[in-house]
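Visitor: Residue numbers (my numbering): 97 to 264. Glycine residues also receive a C-beta, built at the ideal position from the N, C-alpha and C atoms. This is the structure I want to talk about, given as structure tokens.
This is the structure we're talking about:
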């Protein structure tokens, strides 16, 4: 039996910016909700597999997550994604070093513009990328299936949570 996926990726911004003037206070309230809904399948607004984990990298360590054949689902199924539709990475607030998330120069999943591109997540920071299109980021075994995670410095380990959404 195949796994079925139902997911809403929601980013909600709620806040207010104020400016105290001489006779009044001006206010700029903001309330925005950005939602992408995924049904089970392999097309636009669809996905059929996800994988998530909390990972620890020792001081100065690097690891590659291979989306084509090295991850295992919660049900014990080996995951070979053909398309990545979303990624969320959260760097633990207790970290001392940054968690660097990179599209490696060789064999990287093309979710960032160019090979070698990446982002450094300071403690408590997160990044999310979700694509509702039919194709997402194509995962190709052996030539485009890796995402690299690096502990930016020595001395201490880092912890991060990672969630990947895709199609198999």
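(1) When DSSP builds the beta bridges, which residues end up paired with residue 99?
(2) Exposed or buried, residue 232, counting other C-beta atoms within 10 Å across all chains shown (16 or more means buried)?
(3) Identify whether residue 199 lies in helix, strand or coil by the three-state DSSP scheme.
(4) Output the residue ranges of the beta strand (DSSP E) runs that lie fully inside the stretch 99-175 and measure 3 residues or longer, sorted by chain position.
(5) Output the distance between the C-alpha atoms of residue 246 and residue 219, rounded to the nearest integer angstrom.
(6) Should the stretch 224-231 be called in touch with the stretch 192-201, which here means at least 3 C-beta pairs below 8 Å?
(7) Report the residue ranges of all beta strand (DSSP E) runs contained in full by the stretch 205-248; include only those spanning at least 3 residues, in chain order.
(8) Tell me whether residue 250 sits in a helix, a strand or coil according to DSSP, three-state version.
(9) If contacts are defined as beta-carbon pairs under 8 Å, then residue 221 and residue 187 qualify, I think. What distance do you get, rounded to the angstrom?
(10) Tell me whether residue 238 is buried or exposed, calling it buried when 16 or more other Cβ atoms sit within 10 Å of its Cβ.
(11) Considering Cα atoms alone, identify which of 105, 100 and 99 is closest to residue 259.
(12) Could you please give me the residues that DSSP links to residue 187 through a beta bridge?
(13) Which class does residue 177 belong to by DSSP, given the choice of helix, strand or coil?
(14) From 158, 250, 148 and 211, pick the residue whose C-alpha is nearest to that of residue 167; which is it?
(15) Out of 120, 135 and 205, which has the shortest C-alpha to C-alpha gap to residue 236?
(16) Starting from the Cα of residue 264, find the closest Cα among 249, 180 and 172 and give me that residue.
(17) Going by CA-CA distance only, name the one from 173, 144 and 153 that's closest to residue 251.
(18) Just how far apart, CA to CA, sit residue 203 and residue 113?
Guide: Short version:
(1) For residue 99, which the question treats as bridged, DSSP gives no partner whatsoever.
(2) buried
(3) In the structure shown, residue 199 sits in coil (DSSP, three-state: anything other than H, G, I, E or B).
(4) 103-116, 121-136, 145-153, 158-162 and 164-168
(5) 13 Å
(6) The answer is no - the stretch 192-201 does not touch the stretch 224-231, with fewer than three Cβ pairs under 8 Å.
(7) 214-217, 222-226 and 242-247
(8) Coil at residue 250, not helix or strand.
(9) 5 Å
(10) exposed
(11) 105
(12) 256
(13) coil
(14) 148
(15) If we check each option's Cα against that of residue 236, 205 comes out closest.
(16) 180
(17) 153
(18) Using only the alpha carbons, I get a separation of about 44 Å.
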